[in-house]
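In terms of the working numbering, the sequence shown has 1004 at position 84, counting the first letter as 1, and numbering is strictly consecutive.
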Amino acid sequence: MEEFRRCLERQERETRERNRRADEVNELQRQVDEQVLIAVALQEEENQGRRLGSQVGRRRNVERHRHSRGKNLLEDYFIPTFLYSDVDFRRRFRMQPHLFNKVMHDICNYNAYFVQKCDAAGVLGLLSKQY
């Protein structure tokens, strides 16, 4: 009986040792997999095109005076004491002012792209009438 008990204990030790080795192998495999995933992610990031953005030596931004041009446009055609008549408006925009305003209003309600807002630099963008 003693011999049988020793045999069972030996088998249990061997089983625990095999399980410990299997756990070590699994842990090593997990670490290798993690390193491979990191390497692949870094490679994909490196392969993506680099953003140039504002860099020394690149072209300067041209000041187009958008704010004053928008103000002039409003003064010329859209305020109650406008400079040009409805005939001039129709000649320039090829539609009556009330139709233009309706179309512009509907477009602004449909798509927020055409609504005046600040850009990433905090500069106020174009008026909806300037698009």
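We put the CB at the ideal spot given by N, CA and C, even for glycine.
Note that the structure is predicted; figures quoted are calculated from it, not measured.
Exercise. Roughly how many whole angstroms lie between the Cα atoms of Gln-1016 and His-987?
Worked result: Within the sequence shown, the letter at position 96 stands for residue 1016. Within the sequence shown, the letter at position 67 stands for residue 987. Near 25 Å, if we compare the C-alpha coordinates of His-987 and Gln-1016.
Exercise. What do you get for Tyr-1004, buried or exposed, if any count of 16 or more other CB atoms within 10 angstroms of its CB means buried?
Worked result: Within the sequence shown, the letter at position 84 stands for residue 1004. The Cβ neighbour count for Tyr-1004, taken over all protein chains shown within 10 Å, is under 16; the residue is labelled exposed.
Exercise. So Ile-958 is in the alpha helix (DSSP H); what residue range does that whole segment cover?
Worked result: For this step, residue 958 is matched to residue 38 along the sequence shown. Per DSSP, Ile-958 belongs to the alpha helix (DSSP H) from 922-967.
For this session: State buried or exposed for Tyr-1033, treating a residue as buried only when at least 16 other CB atoms are found within 10 Å of its CB.
Result: Locating residue 1033 in the sequence shown gives position 113, where the first residue counts as 1. Counting every other CB atom within 10 Å of its CB across the protein chains shown gives Tyr-1033 a total below 16, marking it as exposed.
For this session: Specify, as a first and last residue, the run of the alpha helix (DSSP H) that Tyr-997 falls within.
Result: For the purposes of this step, residue 997 is identified with residue 77 of the sequence shown, where counting begins at 1. From DSSP, Tyr-997 is part of no alpha helix (DSSP H); its letter is neither H nor E.
For this session: Label Tyr-997 either buried or exposed according to how many other C-beta atoms from any shown protein chain fall within 10 Å of its C-beta, with 16 as the threshold for buried.
Result: What you label residue 997 is simply residue 77 of the sequence shown in a count that begins at 1. A residue is called buried when at least 16 other Cβ atoms come within 10 angstroms of its Cβ; Tyr-997 meets this threshold and is buried.
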